[in-house]
Structures are given as structure tokens and as C-alpha cells.
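Chains as they are written, first to last, in the numbering used here: chain E, -3 to 126; chain U, 88 to 351; chain H, 440 to 1101; chain B, 9 to 153; chain G, 91 to 404.
Backbone N, C-alpha and C define an ideal beta-carbon position, used for all residues, glycine too.
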Amino acid sequence: MEASKKRQSEMVQEISGTNPLKCMKCGKCSASCPAYEKMDIKPHQFVSYVINEDVEALAKCDSLWVCLSCFACVERCPRDVKPGKIVDAARQLAVRQKGGSYLVPDEIPALVDEDLPQQLLVSAFRKFRR
Amino acid sequence: MKYSYYPGCTLRTKAKKLDDYARASAKALGFELEELEDWQCCGGVYPLSSDEIGSKLSSVRALNEAKVKGQELVTLCSACHHVIKRVNDDMKNVEDIRTRANNYLKLDEPYLGETEVLHFLEVLRDKVGFDEIKKKVVNPLTGRKIGAYYGCLLLRPSDIIAFDNPENPTIIEDFIRALGAEPVVYPYRNECCGGYISLKDNDLSKKMCNTVMDSAKGFEAEMLVTACPLCQYNLTKNTAGGVPVIYFTEILAEALGVKEEVDA
Amino acid sequence: MHGIGVFVCHCGSNIAATVDVKKVVEMARLEPGVVHAEEYQYMCSEAGQERIATAIREKNLKGIVVCSCSPRMHEATFRKCAEKAGLNPYMVEIANLREQCSWIHKDIEEGTEKAVILARAAIAKVSLNTSLLPGESRVTKRALVIGGGIAGIQTALDIADAGYEVDIVEKTPSIGGKMAQLDKTFPTLDCSACILTPKMVDAAAHERINLYTYSEIEKVSGFVGDFTVDIRKKARYVNMDKCTGCGVCMEKCPSKKALSEFNSGLNNRPAIYTPFAQAIPNVPVIDPTQCTKLKTGKCGICERFCQAGAIDYTQKDEIVTRKYGAIVVATGFEIIKLDNLEEYAYSQSKDVITSLELERIMNAAGPTKGHLERLSDGKAPKNIVFVQCVGSRCDESKGKPYCSKICCMYTAKHAMLIRDKYPDVNVTVFYIDVRTPGKNFDEFYRRAVEEYGVNYVKGQVGKVAPQPDGSLLVHGVDLLDGKQLKISADMVVLAAAVEPSPSVRKIATMLTASIDTNNFLTEAHPKLRPVESPTAGVFLSGICQGPKDIPETVSQAGAAAVKVVGLLAKDKLLTNPCTAKPDELMCNGCGSCANVCPYGAISYEVKEINDHGIRENRRVAVVNSALCQGCGACTVTCPSGTMDLQGFSNRQILAEVDAICR
Amino acid sequence: MSMNTEFKPKIVAFCCNWCSYAGADLAGSSRLAYPADVKIIRVPCSCRVNPMFILRAFEKGADGVIICGCHPGDCHYSTGNYYARRRMTLLFSMLDYMGIERGRTRVEWVSAAEGVKFSNTMNEFVDAVRTLGPNKRLGDLRCKD
Amino acid sequence: MKELLQDGTVNRVLGWKKGDLPYNPEPAFFKSAEELDEFIYDGFCGANLSKYMIAASALEGKTLVLLKPCDSYSFVQLMKEHRVDREKAYIIGVGCKGKLDIERIKAEGVKGIESISGAEIDGDCSTLKIGTIYGEKEVAYKDAMLERCHVCKGKEHRIYDELMLESADTLDSGRFEAVEAIENMTPEQKFAFFKNELSKCIRCNACRNVCPACSCRKCVFDSTKFDSAQKANVDEFEEKMFHIIRAFHVAGRCTDCGECSRVCPQGIPLHLFNRKFIKDINEYYGEYQAGNNVEDETPLTDFTFDDLEPGERR
């Protein structure tokens, strides 16, 4: 059990290519995040969750689906930790697990209007599904 | 001068105008956009996970086609530019991705990131020159107050996209000035519009779009220009009482006097 | 070599317990050249040393090997002992039988076998030793201090008070440095100028201190005790002997567009100027990039108004060459550029300022006459936000990796001063950590919070967004409350990182003083020799060595001065004789040895060489033994083996190798 | 420890005076044992080690040669170990190219505070050389048949 | 050349003189126009004349020297090491169409050579016609070329006062192929290979004498400072280590001119040592060509803070 927790944390670090230990806990990521209010686990917390090997909680949290990949935290992180990449890695883990998709094709027609650009659907599919 | 050109899926359909105005303007400015023969969708978002290869391959194919033709590759849509430029960086600098992508694609000659990826705006700034554009303007947009909306994808991450100062960009402002209009600088021009989130969490996107729009209006912008179809959509749909948001190529075409022939 | 004596120490039981010392003596006797061998309880004791001295005298020993503890322990002891007995101290070798043998091995047979081999290696080496004499070099009794800020001034004063001549070279028109720009100082809140200007005056008036202001170091040659330095005195266009410092020229000068360096560019100064009213010397300079007369030949107003006739448009830069025994680097710091941190909108709003700019705004002699007001509209701010760690503690792509050390304290100072003078102004400080180690420092910070009600928020600012109404919306986070904050401020003050003055790179190269990846000068030892550069005769004072505040700078300045005085007090310097020595006959003059020398100790001369009767002029390497520290890099680079290292010669080391592998 | 307990290798260790030799002394005063097969030669700096010394040791019967110096960046002479690093990199690569076992040569950076590292390094190195067995090749490089 | 000699611009010419056989011209100084009648420059003039300029730099007046493109690298390297005086040299950069190796011709089974044509530099250098006591034989020029010409550094001279004659491209194989082949061997194969090659060495010093980088006034192997030289009974140390040390001493300075291998009477491929160092330097510290110019820092007298650790691979 402990071993698998460790493995998951290492996987997140591998997939994201980040080193969470570089974090100095300044919170600039959370200060910059436009989706902060909607997040149950805040951007800066993602870093400590990985350090504490609690990736399971990350894979279940709502923040995965409100992160916009706008890279504000990635751009402004003073320590090259770049929490946005960790969020994405956790999301990858979630969607790779069976049934982890946040978006299913059936619900799409109701969400679409005629001006909606293809780009939106393509991006959403990439982000929300395996 | 001829460039390879990657339009992307949205420019074929909902954002056809972005594409049409760009081609007409290019012609007026004396360069040609030669569309790649067999391009596929870039995927819309760059796969951040370092172990994902499959979703990067369509970009590599496009990049390789430009390399074979010996041309620089021009993009127009912010998202396509972001994805292709970053995949190219991976192919140039990340050995693992380079090896795996090449193993998969089995090209005649491995692709090692040789192609130069340029956004249409970079062509205008660095190849044509804003001074040159100024000389070719026939309908100067004098007196118009236009705000640039960069969004996030065009600027970040700045170490790879290397487009402009990510927190205080000036390229579109300089562009607007070259067309004779007055650029409106407002602080949220590089903040996100909500992107794909507007599909499932429209409230959040609305909030973000309104922040941008209110700020732009506060600084007296009469119109916003952008390079991204998704930004254009979100800023238009998710705000009430906002100023018009159009593609930057439209004001370029207008200033160069080719807008009408496109619209016709 | 015949006439070697071997002395084996028991070191009580430290060696004797695991090494059969009698066996070592016995085996040593069998080695070629050994005429005497003995063992004793404690060779380093007075009695032990006496035994060695007696043997040297009686048996006329030419070289000795002491088999004892590490040479790092007692090599010096035994060398002195040999010298007293009339043997050259460099004819002593130590076999390390304690730290590197008896203490790490348990088996007596194994230990003894190794001890014998170590003794053999030392005997083989000593038989190739040659007598060495330390060289001597003279000491010029004058010091140079580069930089005229508080570090340089204090160092110069201390050296001069001890009785030695000091020159200060300062690149700006006045001494005083950054401290002159500060308003108040922590943790006592006394006025910076009040404590600095008397020191500036002292320095200028001191009979043994000579100021070269508006001057830069051009070239340095020589070595410890005997440096030769070229100083470029930039053309002032004002005759220092004639000028009375009346200031009329500055008043009348029609070209007033240049930004005032002293006021951090917040207001303007004339083309002819002194940086500030208390400048020392109180003689203006003409900025040739701004002066209409110098640029176009038309104007000449200052000359017309100068009653002393001190203006001289024809002045040229002048090079002065001076000799020094010691050099102190006190080049100070600058504030980093904020281009990589535009999220704080420094270049987008006039009301986003650095802390140094705030010092000038708070100062009565500053651009706002000491009134706290916004630079954009001159209005009094109601809400001020301070941002800590701007460019400090960053990854290389974003800023500097180190803590700038002074920001926590000066921010507490600013916050406190503002709350004191303008109690209705709200002050918020975003911090990551508050670092206050120092006497009365934490108490000072606590006062800011407890007595002055400064609002400290643990968290960082992500963006500063200028608003249409001229206010600044600060996007921050309060990590303890778990809340994102949006604070409307009318002034944002950035604690921008400090960095070593850019001029230090060039100076370090000239001095061959090493510099770290952040351009701070490296100390000879980070703990035990913190004010010395590894380059002999070069000393460090102030921020050029690392971030520090005024009290620390002054302490370091004093320490550097003592080191300088200690050096200048000597008439002659003894040099380490274990230096590189070239064989002129073999030298190709190829230049590779000088390429690897860290001390610039190798130069090349064209000399007449008598090569077995053939006289030829050849380019050959020459080692300055006063500079050479004996690392031996050159000996390996030299393909022909021309360069050898005295005390560690090729033949000596090979003899050790052979003895060990025998 | 190793299969061949009979074999006692000859190991020459070149240690710089300022860091590694002091590190060895610290290993000694901390009583951190390592095999007596290791004999240390004191040099002022790792950059004093001439490739000829190393080859000579092998030729005279050494089974392994290790060079210890200050950590890069900590050289007493500022730059000596950087030169030593390049020289040894090339020399070791050449020995490898000639089929001489890589395990017989090593460079290790040991500070004056790293008594434990010194001892561990020597234990490891001696073990590795023991496994390789006696050095024949460098003695054997040129035999006229 | 004659004019320059006669009008006193140069005091002598350093070139090649006809040998007693059709394929063995040798380096020579020519002091007068008459002596120049014996001058020759053809495909067999492989000798690199740069090293002779060390001695010529000590002589009165200027020396006119003929340098092939690859020789010019050696000259620049010697300039960098302050061994030759640029002012004392009048350099004619001569073209080169590849130099010939008589051993390769003999290896083709050609015996009893009386004459050779087709090696003239103004010819097309495609076929050698060889008159032998058994009649005329033909050998393709390319097949008779020295190894070094197959990995030619190019037609451009690094330094010259004037240029003469055309050059031809001869590069047709990878410079490091042979080194890589050895690198890919097992340690046992490597050792066997070098043991076999080095056992042939008779320590005649031909390689050392011809090498422009081995130009020390006194070689360490002739010096008493290392206890490594006892000419009377060459000691084992020298026997075994000579070639490794020699390669190490020229590492970063060797221009890869290939003269060592050309002159070795035992046919030992000595360039394989030098080229291994060159390959390593290129891989570890960035592409470097000795003799390219006088400014570049030599790799072994330079470093970066994050250089590779010994034994580490990139």
C-alpha cells in the first residue's frame, strides 16, 4: 500500500516532469489562478499532496476539471515547480483509470450552440477524456 | 516569399474569416501562405504529460512536411500555434519524445525539430516589418481605439513560445498602431478567457470573460482583436454588453483595403 | 642520497598498538641511504624532538623521515625541529602511520606491513628532496580600496587610522554609495545621512586617505605586497583645485533632462551636477552625454557664470599609475532589473516602485521632498502593498537563487515609518517567510505588527493590475486563511533582489579574484577566511561578497582592514618555496602552462639561452614564485615536462609510486 | 566479501592535500576502517596527478589507482580539479578503448569533512578491484612473442 | 617561386625534392634557383612541412613554404603555440588531390616499380599508370590514397599568402568509423587488437620525429625528470606506455594530419589513438579542430563547471 502510494507520486512527477521539492510554498500559483475559487484542492496544495504521496486524493478532486491549463501558474512560478503540470498529470491518471472521463459524448448536443468553434470540443475532449 | 501554412480545424469552419482575411492580407503584403497538403487537427491542447506521444504525431507530420518543402511553418490560430510550437520544441530538445515519435512515424529521414514555427503576427513583425505594413495601409484606422486580447496560449510558457514579454506584451499593440489606430493597453489582456471550460462550467468562464471585458471597457476600448477562435467565441458569448471582439486579421484586411473583396 | 634518518613514533599506543614499530625500524634500516633509525614514545614531545636534533647533528643526517601522525598535524613541528638542528626544513618527510594506518587497521601484521611500505615511500621521496628556501618579496605600504560606499569608507578609515596610506577609487562623482540614498536605517530608525556624512567627511579629511572619485580601475598587475594599478580619472571638465562648490553652474545649466541617478531616476538633474547636496568632493562633473557645449560646441553658460574659472571643456581622461601592497574590493550592489517579473507591472505603472525608490520618496531631499505621494498624480496613497522576495529565492530563469537578506528588515522599516507618519494609510505586506536574525531585528519586525498595525499576509502576489481609475488591483493569496485576495492599492512597493554591482566582473578578472555563479566574489574560506579572496593580497568588504546589511557590512569592513593592516605591517613576505619551476633548456614557450595557472604566476620572456654551448634567443616560461601557490596544474599541462613542482617533483612522486608498488 | 580472498590488490590513492587527504585523516580519527591495500600519496591538488604517474603505478604492479580531490567548485586553487576532471575523463576513456578494465581507475571528490565517504569509497574500490583480479593487461600491453 | 627567391623576398624555399625512386620525394630546403630544378610536387608529396618551419623560424630572412590544406592546420597550431614565426614565413597554399601511399599500391600486387605516371598534381588524378619490370599496371588513384585523405578536412587553407593549384574532394568515409568499430569491440577484443598492433613497435621514434605536435625541444621520454628514459636499455615503462602518453601529450593539439601513421615503418595505425581523443573531446566538450585558428581555448587547458565526470557518458 505504502509502496503503491509512493509509486503514484513518482508517476505524477515523471509524467509532469516537475520536482515538487523545489517548491518554497510562496503561493504565487494560487494567487495567479483564475479558477481558484472553484478549486477544492488549491494549486499550491497540489505540490504538497505529491510530496506527501497522496495522489489518490488528487485523482478524485474537482480541481482537475476546473483547471484551464492557462499556464499562469506555470509562467509565474518562481521556483520552476509549475503546479499546472502537476494538475495535468493528476488528471491524466484520473482519465486513464476506467470510467474516469469527465465528459461523455451523449451530453454534448445539449451543450453546443451554432457558433461554438470545433477547437473547443477538440480541447475539451482531450482534457476531459481518455 | 512562400511559407508553409497550417490553418487548423476551426479556421476551416467556424473561423473561416480569420483565415480568409489572413490570406488576402498576405497577398497584399507580398507573401504567400501555401497550405500544407495533408494536415490533421493539432488536438487543440498540448499534451502536458511527458509520456504521451500519440497526440503529438499530427503536429510532427505537419512540421515534417514543412521541413521537406524547406519552408518555415506559419500558424494563425493561437491554439494550433501553441501546440505545434511546443511539439517542435520537444522534437528538438527532448530525446525520449524525439526517439519515440520517429520510431512511430518511420519518416524517410528522422524529424529533429528543424522547422521554424512562426505565428502570423511574428511574420508581420519580424519578416514584413510593422513599418512596411504602415506604408501599405490604404485605409488607416485613424481614431479607433482597439484593445488587444492575447489570452494565454499565445504567450505562455514564454521560455518555449518566445513570442513576447508574457506579462507585458506589445506585439499586437504595435500592430494596431501600424494600422493607424490607437492601441488600448489594459492589464487583463493576457488573462485566460476560460477556454474549453466554458462547455461544462459556463459560470466560471463568464466571470473570467467579464473581468477581461470590463477592464478593456474601463480603459475605453471600442473593440477587441484576438488571434484565437475560442477566445473570440467566449468573449462574445459569455459577456453581456461587451464591445465587439473580432480577429486581428480582419482589421489588417480592412486597413490594407482587401476586406471587401473577402466579404464579397 | 646517503644520510637518511628514520624516526618512528609510538604515539603512546595509538600507533604501537597496531603497528610493530620495532619491525618498522628494522625494515627501514635496510632501505638504501638510511644510516639511522630509531623509535620513541612521543616524537613530537620535547624529548622526542631532542632525539631527532641530536641524531641530525651527530650522524650528520641529510634528510629525515618521521613516521608518526598526519603531516597536517606535525609536519610544521618537525620542520622547525630540523631547522633548529641545522637541516633545511624541506628535507623532512612524514609517513602517516596513525590516521592512515594504525587507526584504521586492527590486524597488527597487516598494519605493520602497510607501515613499512609507507615508511619506504617516504624514504624514497626524501632521498630526492632538495633544500628549499622561501623567497622574499617586498611590501608596498599602501592599500587600494575599490568602491566608496560605506564598506569602502569604513575599510579605508580603519586602515588609515592604523597608520597606512589608502586610496579610494569610486566610479561615481561622490563617495557615499547606496547608503547615502537611504532615508532611515534599521533597526534603530536613525537617519542614514546623519551617520554616514560624518564618515564621508572623515575620509575626505584624513591625511592618509586619498580619494579618486569619478575614477575607475583600468589595469592591475603584480601580486600580493606589490600590485601596480592603473586608475582612469575620467574627465570631470571641472578643475578640482579651482572649484569652490558654489553650485551656480548647476543652477544655470539649461540642459536639465538627465535622470538623477541619486534619486533612482525619479526626477531630473542638470548636465553639470553633483549627485547630492552633501557630495564629497563637492565638485560637480559635466555629463558629456548631456552637455550641449560638449555635444555641439554651443552654450558655455556654466563657464560664463563660474567665478572661479573652474570649468575646463578641454579636460581629458587621465591615467594614474600607483603601487599598492593590498587591494580591498568594496564594489557594492545594484537592484535587479524587473523585466522578467512584469506581472508586478513595474514598467506599466508609475505607482509600482522599488523599495530603493521609496527611500528617495520618503527622504526630505528626495523628489517629493519627503512627502509620501504617488508619482503618477502626486496624490497621497491610502493603501500600500509591499511585495517581498521579488526576484530573490528564484529559479535562474526568473531571478536570483539567493535570499537578498535585507528586504525583510527594510520592508518592516518602511511599513513602520509610513504607519507612524501617516496613521490612516493601510499597509499590507505579502511575505513568504519573515527572516529577522540579528540583534533587535525580530523585535523590530514585531513592533511593526504589534504597535504599528502593519498587516502581514503570508502569501505571494500573482499579478498587479492597473485600473482605469489609477488604482492598482493586487491579486494575492493568503495561504493561512486559504483565500485568494484582491486588494485595491494606490501604491505597490517591490522588494527587488540585490545583485553585485555589474562592474565587479571586470574588476575580478583584473585581480584574478574568483567569482561565483551569481557574481559574488568568492572568499578564501567560507567560514575561516571570510574577508579574504583566494587571491593573495585581495580582500573583500561589503555586498560584493554576499548580501548583507549595514551593521554587517561595517563589521566586515573592519575585519578586512585588520587583514590589510596585518599584511602592510610586514616589511617582507616569505613565499611558499614549493612552487613550480621551469627548466629553461627544455621549455618550448608554447604557452599552455600560463593558460591553466589560476594565479597569473606564469609569464613568458625572450631570453638568451645557452643550450650546451649554443646561444639562442628563445621564448621561455618564467614563474613568479611570489604568485605561484604550488597547485601543479602547469606541470601536467606541459608536454615536455619542463615544469616541475618543488617539494612534489615528478621524480619524487614516481619514487613513492615505485616504493608502494614494489 | 569477495570470492578471491587470497588476492591482495595493490591500490594507489592520490589525494589532494586540502580536501581528500584531510578526509582520509578524518576517516582515520573516526576509526572508519578500509583495507590496508590502499596506500595514499599526498599531492597538493588533483591537478598535480600526471597520467604518467598512473600508468607508472600500473606498470609497476598496481591493481588499481584512484584519484581523490576537492569537489568541483571547492578546489583550494579554485580551478585545479576542473582540469584534473578533463584529463582523467580522457585518459580513462582511452584505457577503456584499449581494453583495460574501467574498474581499475576511478576519480572521486572527497571533502575534508567526508571521512565516511572516504572510507566507503575505498572499501568499494578495493572490492571492485578484487573482483577484477590481478592487473595483467597494462603489464602485458606489449609483449614480444 | 624562383622570382621570389631571386628578388630576395624569401631566402629559401621549403618544398619537396625528387627522390631516388619514383615514389619517395622528400622535404628539402632550396637556396637557389638552380637547386629548384630538383623541386617536385606530386601525389607522393605527403610530407607535412609545417614542422620544418620551427627550425626555419630561427633562420635569417623569410622562408617560402608550401602547405597543403591539411598542413596549414598544423602551421596554425604551431603559431598558436608560439613555435613558428608567421613573419618569417611566406606561405604558398598548394592544392591537393589526395596523397598516395606506396604501401597501398604494393598491396595491390604491383611489384618491381620502375615508373609511375598519373600522380601529377595538374592531371585529373584518377588512374595511376605504373611501369614495372613485368609491364604496365593500372591502379585507381583513389585506391592508392593514404587513409587520411579519405577523411579529408577540406580544400580550404587555414592560412596562406598566396594560393596555387586546384584541390579535389577526396572525402569518402567517416572520420570516426574505425574508432567506433574498436569502441564496439569487447574488452578482450580491444586489448587483443592493441596488443597486436603495439607489439610491432620497434621504438624507432619515426612517429615522434614527424609529428608537428611532438615538437618539444626535449621529449619527456628523453628526459631524466621522469626516470622514463634510458636509451641504452629502453625500460619497460617506455615500452608499454609510450604511445598512450604520446597521444595524451598531443590531445587537443593534434590536428589529425595522419603523418604518424604514414611514416610508421611497421604500419601501426597510430592515428587511432589520436582520433579517439579527438572524438572524445568533440563529444564531451564540443566540436574542436586543432589548428582551426589561434584564438580558441585548447580543450585540455579549458573547462566548464558542469563538465562530464570521468567515466560518465553523455
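Please confirm whether residue i has its beta-carbon closer than 8 Å to some beta-carbon of chain B.
i       : result
D370(G) : yes
Q320(G) : Confidence at Q320(G) is low in this model, with a pLDDT of 43, below 50, so its placement is unreliable and no value can be given for it.
F284(G) : yes
For residue i, decide whether its Cβ has a neighbour in chain U, counting only Cβ atoms nearer than 8 Å.
i       : result
A86(E)  : no
R122(E) : yes
P840(H) : no
Give me, in chain order, the residues of the same chain whose beta-carbon lies closer than 6 Å to that of residue i; leave out the 5 immediate sequence neighbours on both sides.
i        : result
L253(G)  : G183
G915(H)  : F869, G898, V900, L924
C483(H)  : H513, T516
I1048(H) : E1023, E1055, R1057
Y891(H)  : M855, R858
Only counting the same chain, and skipping five residues up and downstream in sequence, which positions put a Cβ closer than 7 Å to that of residue i?
i       : result
V187(B) : Outside the modelled stretch of chain B, which goes from 9 to 153, sits residue 187(B), for which no answer is possible.
K172(U) : V204, I247, I248
Who are the near neighbours of residue i in its chain, counting only those whose CB is closer than 8 Å to its CB and skipping five residues on each side?
i       : result
N92(B)  : Looking at the sequence shown, residue 92(B) is not Asn but Ala. Here the set comprises C53, S54, C55, V57, I75, G77, V115.
E116(G) : W106, K107, G109, A137
Using 8 Å as the limit for Cβ to Cβ distance, is residue i near chain G?
i        : result
Q1085(H) : no
P528(H)  : no
V73(B)   : no
F126(B)  : no
When the distance is taken between beta carbons, is residue j closer than 8 Å to residue i?
i       : j       : result
K293(U) : N325(U) : yes
L811(H) : I857(H) : yes
V993(H) : I454(H) : no
E204(G) : I223(G) : yes
R832(H) : P113(E) : no
Y163(G) : L94(G)  : no
V668(H) : T391(G) : no
Going by C-alpha to C-alpha distance, which of the options sits closest to residue i?
i       : options                             : result
M331(G) : D33(B), A65(B), S86(B), N89(B)      : A65(B)
Y320(U) : K89(U), A102(U), V210(U), Y93(U)    : A102(U)
V70(E)  : D111(E), K1(E), A27(E)              : A27(E)
Y374(G) : E399(G), V353(G), S351(G), A209(G)  : E399(G)
P907(H) : S927(H), D917(H), A599(H), I1041(H) : S927(H)
How many whole angstroms separate the CB atoms of residue i and residue j, which I take to be in contact at a CB cut-off of 8 Å?
i        : j       : result
T336(U)  : L105(U) : 6 Å
E273(G)  : Y105(B) : 6 Å
E489(H)  : K461(H) : Wrong, their Cβ atoms sit about 21 Å apart, outside the cutoff.
E609(H)  : T579(H) : Incorrect: roughly 21 Å between the Cβ atoms, too far for contact.
A262(U)  : L211(U) : Correcting the residue type first, residue 262(U) is Phe in the shown sequence and not Ala. 6 Å between Cβ atoms; contact.
C19(E)   : V43(E)  : 5 Å
I491(H)  : S507(H) : The pair is not a contact, with the Cβ atoms about 11 Å apart (cut-off 8 Å).
Q1085(H) : L571(H) : 6 Å
Checking contacts by CB at 8 Å: is residue i closer than that to chain H?
i       : result
I5(B)   : With chain B covering only 9 through 153, there is no way to say anything about residue 5(B).
P16(E)  : no
L156(G) : no
Is there a Cβ from chain E that is less than 8 Å from the Cβ of residue i?
i       : result
Y320(U) : yes
Let me check you understand the geometry: is the CB of residue i closer than 7 Å to at least one non-hydrogen atom of the ligand SAM?
i       : result
N802(H) : The ligand SAM is not among the ligands present in this structure, which contains no ligands whatsoever.
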